[in-house]
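*Asks:* With my numbering, letter number 81 in the sequence shown gets 617, and the count goes up by one each step, no holes.
My questions will all concern the structure given below.
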Amino acid sequence: MALLETRVAPEWVDYNGHMNDAEYARVFSLSVEALLDAIGLDDAGRRRHGYTIYTLETHLCYRREAHEHQPLNVEATMLDSDAKRLHVFFEMRDAERNLLATSEQMLMGIDSEAGRPAPFPPPVATAISKLPNRD
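As structure tokens, this is what we get:
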């Protein structure tokens, strides 16, 4: 599932002349936001449902350097999910489809008022069930 298209911003480039490691994490974080938008948990959806997502765990692997102004595309594959968790695999690629980095993340659904894990609201659960998965 295509989630994000962006370019390496000049301020993301470090003293080694390529995108700083922290900026890879930023791009994957923006990709999680795009995923949340896609399942109905944008700002309005979070307010309407009193629900949000926390990141429980993330694993980031750097495969190739990204350079200033280079186009970046991030795609996601659902590895697994249950009533309140998402296990997602993200791939960051360049314009030639070279794999630059991956991020595997475990995301937890949270009742915003209680501050505790809770099942996805029904419309969100339906949207999740329609996401592409590894099968």
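Think of the CB as a built atom: it goes at the ideal place given N, C-alpha and C, for glycine as much as any other residue.
Here the structure is a predicted model, which is why all the values come from computation and not from measurement.
(1) Can you check whether the CB of L636 is closer than 7 Å to the CB of R583?
(2) Taking contact to mean at least 3 C-beta pairs separated by less than 8 Å, is the segment 575-594 in contact with the segment 659-666?
(3) What does the Cβ neighbour count give for E627, buried or exposed, with the cut at 16 atoms within 10 Å?
(4) Could you tell me whether the segment 629-645 touches the segment 591-600, where touching means 3 or more Cβ pairs closer than 8 Å?
(5) Note the first and the last residue of the continuous beta strand (DSSP E) segment covering F626.
(6) Buried or exposed: A603, going by 16 or more other Cβ atoms within 10 Å of its Cβ?
(7) Tell me, to the nearest whole angstrom, how far the beta carbon of E541 is from that of W548; I am working on the premise that it is less than 8 Å.
(8) Would you call P658 buried or exposed, if buried means 16 or more other Cβ atoms sit within 10 Å of its Cβ?
(9) Three-state secondary structure (DSSP) at D557?
(10) Please determine, among L615, V610 and V624, the residue with the shortest C-alpha to C-alpha distance to E632.
(11) For G553 versus S648, is the C-beta distance shorter than 7 Å?
(12) Within its chain, find whatever has a CB closer than 7 Å to the CB of S617; leave out the 5 residues flanking it on each side and keep chain order.
(13) Please report how far the alpha carbon of P668 lies from the alpha carbon of P653, in whole angstroms.
*Replies:* If we stick to the structure as given:
(1) Against a cut-off of 7 Å, the Cβ pair of L636 and R583 comes out as no contact.
(2) Taking 8 Å as the limit for Cβ pairs, the verdict is that the segment 659-666 does touch the segment 575-594.
(3) By the neighbour-count criterion, in which 16 or more other beta carbons inside 10 Å mark a residue as buried, E627 falls on the buried side.
(4) Judged by Cβ distances under 8 Å, the segment 629-645 makes contact with the segment 591-600, as three or more pairs qualify.
(5) DSSP places F626 in the uninterrupted beta strand (DSSP E) bounded by R621 to R629.
(6) A small correction: the amino acid at residue 603 is His; Ala does not occupy that position in the sequence shown. With fewer than 16 Cβ atoms within 10 Å of its Cβ, H603 is classed as exposed.
(7) Actually they are not in contact, since the Cβ atoms of E541 and W548 sit about 15 Å apart, beyond 8 Å.
(8) P658 should be labelled exposed.
(9) In the structure shown, D557 sits in a helix (DSSP, three-state: H, G or I).
(10) For E632, the nearest C-alpha among the options comes from V610.
(11) No, the Cβ-Cβ distance between G553 and S648 is not below 7 Å.
(12) Excluding residues within five positions, the ones whose Cβ falls inside 7 Å are H623 and I664.
(13) Those two C-alpha atoms are separated by around 24 Å.
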